[in-house]
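>
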Amino acid sequence: MTRFKNIILWIIMLFLFIGMFLPVWWMLLGTFSESFTPRSFWQNIVNFDFTLKYVHNVFVSADFSRALINSIFVAICVSIGNIIFCLMTGYAFARRRFMFKKWLFISVIMVLMVPVHIILIPLFLEIKFFGMLDTYWALILPFLVNPLGIFLVAQYIREIPPDLEEAARIDGASDFKILFRIVAPLCKPVLAVMTVMIFMTTWNAFLLPFILTNSAEMRTLPVAIGNIVGRQIEYQTHFAASTLATIPIVIVFLFFQRRIVSGIITGALKQ
Amino acid sequence: MKSNGLHQRSTTYIFISPWVLTLLVFWLFPLVYSLYLSFTDYSLGNQALNFRGLSNYINLFSDTKFLASLKNTLIFVIGTIPFTTVFALLLALLVNRKIRFATFFRSAYFLPSLVALVVMALVFTSLYQKGGYLEFLFSMTGLPTPERGFLLTESTALYSIMFMDVWIASGYYMLIFLAGLKSIPDELYEAAELDGASRVQQFFKITLPALRPTALYIILINTIKSFQVFIEIYIMSNDSGGPNNATTTIVYYIYDIGLRGVFDMGMASAAAYILFLMILIVAVIQLKLFGYGKATYE
Numbered sequence: 057m058t059r060f061k062n063i064i065l066w067i068i069m070l071f072l073f074i075g076m077f078l079p080v081w082w083m084l085l086g087t088f089s090e091s092f093t094p095r096s097f098w099q100n101i102v103n104f105d106f107t108l109k110y111v112h113n114v115f116v117s118a119d120f121s122r123a124l125i126n127s128i129f130v131a132i133c134v135s136i137g138n139i140i141f142c143l144m145t146g147y148a149f150a151r152r153r154f155m156f157k158k159w160l161f162i163s164v165i166m167v168l169m170v171p172v173h174i175i176l177i178p179l180f181l182e183i184k185f186f187g188m189l190d191t192y193w194a195l196i197l198p199f200l201v202n203p204l205g206i207f208l209v210a211q212y213i214r215e216i217p218p219d220l221e222e223a224a225r226i227d228g229a230s231d232f233k234i235l236f237r238i239v240a241p242l243c244k245p246v247l248a249v250m251t252v253m254i255f256m257t258t259w260n261a262f263l264l265p266f267i268l269t270n271s272a273e274m275r276t277l278p279v280a281i282g283n284i285v286g287r288q289i290e291y292q293t294h295f296a297a298s299t300l301a302t303i304p305i306v307i308v309f310l311f312f313q314r315r316i317v318s319g320i321i322t323g324a325l326k327q
Numbered sequence: 025m026k027s028n029g030l031h032q033r034s035t036t037y038i039f040i041s042p043w044v045l046t047l048l049v050f051w052l053f054p055l056v057y058s059l060y061l062s063f064t065d066y067s068l069g070n071q072a073l074n075f076r077g078l079s080n081y082i083n084l085f086s087d088t089k090f091l092a093s094l095k096n097t098l099i100f101v102i103g104t105i106p107f108t109t110v111f112a113l114l115l116a117l118l119v120n121r122k123i124r125f126a127t128f129f130r131s132a133y134f135l136p137s138l139v140a141l142v143v144m145a146l147v148f149t150s151l152y153q154k155g156g157y158l159e160f161l162f163s164m165t166g167l168p169t170p171e172r173g174f175l176l177t178e179s180t181a182l183y184s185i186m187f188m189d190v191w192i193a194s195g196y197y198m199l200i201f202l203a204g205l206k207s208i209p210d211e212l213y214e215a216a217e218l219d220g221a222s223r224v225q226q227f228f229k230i231t232l233p234a235l236r237p238t239a240l241y242i243i244l245i246n247t248i249k250s251f252q253v254f255i256e257i258y259i260m261s262n263d264s265g266g267p268n269n270a271t272t273t274i275v276y277y278i279y280d281i282g283l284r285g286v287f288d289m290g291m292a293s294a295a296a297y298i299l300f301l302m303i304l305i306v307a308v309i310q311l312k313l314f315g316y317g318k319a320t321y322e
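Chains as they are written, first to last, in the numbering used here: chain A, 57 to 327; chain B, 25 to 322.
1. What are the boundary residues of the alpha helix (DSSP H) that Y66 of chain B is part of?
2. Return the first residue and the last residue of the alpha helix (DSSP H) that H112 of chain A is part of.
3. Less than 8 angstroms between the beta carbons of F134 of chain B and L199 of chain B, yes or no?
4. Which residue from A:L264, A:A296 and A:P218 puts its Cα closest to that of N86 of chain A?
5. Output needed for L143 of chain A: all residues of its chain with C-beta closer than 8 angstroms, excluding positions within five of it in sequence on either side, in chain order.
6. Which ranges does the alpha helix (DSSP H) cover as unbroken runs of at least 4 residues, wholly within the region 107 to 175 of chain A, from first to last along the chain?
7. Hey, L70 of chain A and L277 of chain A: beta-carbon distance below 8 angstroms or not?
8. Assuming the contact rule is C-beta atoms closer than 8 angstroms, F364 of chain B and M186 of chain B should be a hit. Round their C-beta distance to whole Å, please.
9. Classify T46 of chain B: buried if its beta carbon has 16 or more other beta carbons within 10 angstroms, exposed otherwise.
10. Of the residues B:I245, B:G103, B:T180 and B:L244, which one's Cα is nearest the Cα of M260 of chain B?
11. If you draw a straight line from the alpha carbon of G265 of chain B to that of Y276 of chain B, how long is it in whole angstroms?
12. Please name the residue or residues paired with D288 of chain B in a DSSP beta bridge.
13. Looking at chain B, which residues of the region 151 to 171 of chain A have a Cβ within less than 8 angstroms of any of its Cβ atoms?
14. When the distance is taken between beta carbons, is L263 of chain A closer than 8 angstroms to F254 of chain B?
15. For S293 of chain B, name the three-state secondary structure that DSSP assigns.
16. Given 8 angstroms as the limit, is there contact between the region 164 to 173 of chain B and the region 103 to 115 of chain B, that is, 3 or more CB pairs closer than that?
17. Could you tell me which chain A residues have their CB closer than 7 angstroms to the CB of A307 of chain B, listed as they occur along the chain?
18. Which residues in the same chain as F75 of chain B place their Cβ atom closer than 7 angstroms to its Cβ, once the five residues preceding and following it in sequence are excluded?
19. Does the Cβ-Cβ distance between M250 of chain A and G187 of chain A come in under 8 angstroms?
20. Going by beta carbon distance, what residues of the same chain come within less than 6 angstroms of A301 of chain A, once the five residues before and after it are set aside?
21. Got a sec? Which residues, its chain only, sit under 6 angstroms from E159 of chain B by beta carbon, not counting five neighbours each side?
22. If we count the other Cβ atoms within 10 Å of its Cβ and call it buried at 16 or more, is N283 of chain A buried or exposed?
23. Kindly list the residues whose CB is nearer than 7 angstroms to the CB of A224 of chain A, restricted to its own chain and excluding five residues on each side of it in sequence; keep chain order.
24. If I measure Cβ to Cβ from F287 of chain B and keep anything under 7 angstroms in the same chain, skipping five residues before and after, which residues do I get?
25. T180 of chain B lies in the alpha helix (DSSP H); which residues open and close that run?
26. With DSSP as the reference, identify every bridge partner of F75 of chain B, one or two as the case may be.
27. Measuring only between beta-carbons, confirm whether E215 of chain A sits less than 8 angstroms from chain B.
28. Rounded to whole angstroms, what is the Cα-Cα separation between Q327 of chain A and L175 of chain B?
29. Are the Cβ atoms of L65 of chain A and R223 of chain B separated by less than 8 angstroms?
30. Taking the alpha carbon of V212 of chain B as the reference point, which residue from B:L202, B:A203 and B:Q226 has its own alpha carbon closest?
31. For I281 of chain A, count neighbouring Cβ atoms within 10 angstroms of its own Cβ and tell me buried if that reaches 16, exposed if not.
32. Run down chain D in chain order and give the residues with a C-beta less than 7 angstroms from the C-beta of A148 of chain A.
33. In chain order, what residues of the region 264 to 296 of chain A put their CB closer than 9 angstroms to some CB of chain B?
34. When you check each C-beta in the region 148 to 161 of chain B against every C-beta of chain A, which residues fall closer than 7 angstroms?
35. Can you tell me whether H173 of chain A is buried or exposed, with buried defined as 16 or more other CB within 10 angstroms of its CB?
36. So, is the C-beta of S58 of chain B closer than 8 angstroms to a C-beta in chain A?
Listed below in structure tokens is the structure:
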């Protein structure tokens, strides 16, 4: 009886899986099948006709290949910046006393909840005023310290006993040495969670890169993919670019599944 | 202060400075500046800046496009969240069962929510297009199909986008429900079992009440997220806000009038502040109910 029930459950789960992955299948079919038609799912599978033409198109297209490089560069810079700065800030919140500490921590929480959408206009003007519109600075500088990162790191360091740091201080180590040589290695798990989350957010980001850049050379991959509006585009090349944009997410997910899950849940449910 | 390891040292200000700078330059200043702009007629074309008091706010509420965007955003929020929440809960209950492959399906349901929204929007544009797969499915089952495709027909455009949103967001909230489910102690169910409670009774008397805070939390963060809907609208309505403004949302409106064309930044800032107030209300409710991080800043 339970066996029978399990089979029913598996069938339901399998159907849901096929259904929820429908957009993903669609994207893959559009990327790799020469005879792709938007009309029928079934026909696409039956007449599947493997080709790498569209993937090739992405790499030879000046816009897409540049966008791919931009995306990689920006995601790496933002990730590294966050590792350093969130460690510094999170450490200060966990171990130090300073003026306005309570208010600054509240500001972290508020920024975590309040979306960037409401400051689009002034942010655009500010970046323009700094002369950073349409440069890498615009894509990196505002995102170097992520409030979620600070929050996660501060929570984590609070749980570590300060004995090692005290001992190092007595031995005459400087504060920076203590932070980067002693605290940082202890924080590896939380830094991994944070980096994975921030990498994915940066990699997928659309709105701000879309607004803060305007030349084809400065587009990130999502912005280049989204650049379909009002143009006759070759859908399948955009699908291929989409597949390329999704691969790092899938890889990161497969490798860091536990950490992503725990990151989302800590970010979400630590009350 | 040795006991709790808290120190007052000079390097503290170096450590904290990245956040203070980001906060001041990229958050507080823009917030204040935006408020100021919302009282002016500033635009990129007309550099002269005149103070106009509340007239931007008043004009917004007689602007049919803004009113449409407000209405569409509310429809989007009210129309997607119940479905996303219920669907996410059902998925969580399904994969929470202790049977083989459940963890595989958990990951599989969650993965699509990590894919870039712009990618999903592109794929769904193809599925929804005139002569696309959805139309094929509709005509196969004998349902009427809109003449100009789902996304370019006024009566179906917004709902098509909302449908996609439910589809891809559910997996994400499933995960949060799952965390809530795991935190219910097994003893509760064992005790209920002993008392002869049926599975259905257990679900309604134990599981659902225990999940109330989780559900509330999901609804609140999803509300904040849905207030900002933009990418789907931009891509799927072909940067037009839909036929007869059918899919214009608040963020799309801000972008549309403030960041291109006439660059009417005063008006756009006023719209942004109205959105800010809406989000702030939800955020404050969230903080009041959950005391997020209350004990942690001391």
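Ideal Cβ placement from N, Cα and C applies to all residues, glycine included.
Walking through what the data contain:
1. Y66 of chain B -> no alpha helix (DSSP H), and no H or E assigned at all.
2. Counting along the chain, the alpha helix (DSSP H) containing H112 of chain A begins and ends at K109 to V116.
3. A contact, by the Cβ cut-off of 8 angstroms.
4. Looking at the sequence provided, one finds Gly at residue 86 of chain A rather than Asn. Closest option to G86 of chain A, Cα to Cα, is A:A296.
5. So the qualifying residues of the chain are V209, L235, F236, V239, A240, C243 and L247.
6. Residue ranges of uninterrupted alpha helix (DSSP H) with 4 or more members, entirely inside the region 107 to 175 of chain A and ordered along the chain, are 109 to 116, 118 to 151 and 157 to 169.
7. For L70 of chain A and L277 of chain A, no; Cβs fall outside 8 angstroms.
8. Residue 364 of chain B lies beyond the residue range present for chain B, which begins at 25 and ends at 322; the question has no answer from this structure.
9. Classification of T46 of chain B: buried, given that the 10 Å Cβ count is 16 or more.
10. The shortest C-alpha separation from M260 of chain B is found at B:T180.
11. Straight-line Cα distance between these residues: approximately 7 angstroms.
12. Under DSSP, D288 of chain B forms a beta bridge with B:S67.
13. Contacts with chain B (Cβ-Cβ distance below 8 angstroms) from the region 151 to 171 of chain A involve R151, R152, R153, F154, K157, K158, L160, F161, I162, S163, V164, I165, M166, V167, M169, V170 and P171, listed in chain order.
14. Cβ atoms of F254 of chain B and L263 of chain A: closer than 8 angstroms.
15. Looking at S293 of chain B - three-state DSSP - the assignment turns out to be helix.
16. Flag = no, the region 164 to 173 of chain B and the region 103 to 115 of chain B do not touch.
17. The contacting residues are M169 and V170.
18. Within the same chain, F75 of chain B has close Cβ partners F63 and T64.
19. Taking 8 angstroms as the Cβ cut-off, M250 of chain A and G187 of chain A do not qualify as a contacting pair.
20. For A301 of chain A, where only same-chain residues beyond five positions count, the Cβ hits under 6 angstroms are L277.
21. Within the same chain, E159 of chain B has close Cβ partners T169.
22. It counts as buried.
23. Hits under 7 angstroms: I234 and I238.
24. If we look at F287 of chain B and ignore the five residues flanking it on each side, its Cβ neighbours are S67, L68 and G69.
25. Counting along the chain, T180 of chain B sits inside the alpha helix (DSSP H) bounded by residues E178 to K206.
26. Partner residues in the beta bridge of F75 of chain B, as assigned by DSSP, are B:T64.
27. Under the Cβ criterion of 8 angstroms, E215 of chain A is not counted among the residues facing chain B.
28. At Q327 of chain A, the pLDDT of 36 sits below 50, so the modelled position is not reliable; the number obtained from the coordinates is stated separately. If I take the Cα positions, the gap works out to 41 angstroms.
29. Cβ distance not < 8 angstroms, so L65 of chain A and R223 of chain B don't count as in contact.
30. According to the sequence displayed, residue 212 of chain B carries Leu and not Val. Comparing Cα-Cα distances from L212 of chain B to each of B:L202, B:A203 and B:Q226, the minimum goes to B:Q226.
31. Burial call: buried.
32. Protein chains A and B are contained in the structure displayed, whereas chain D is not.
33. When C-beta distances to chain B are compared with 9 angstroms, the residues of the region 264 to 296 of chain A below that value are F266, I267, L277, P278, V279, I281, G282, I284, V285, G286, Y291, H294 and F295, in chain order.
34. Taking 7 angstroms as the cut-off between beta carbons, the residues of the region 148 to 161 of chain B near chain A are F148, S150, L151, Q153, G155, G156, Y157 and F160, in sequence order.
35. When all chains shown are included, H173 of chain A counts as buried.
36. Interface criterion met: the Cβ of S58 of chain B is under 8 angstroms from a Cβ in chain A.
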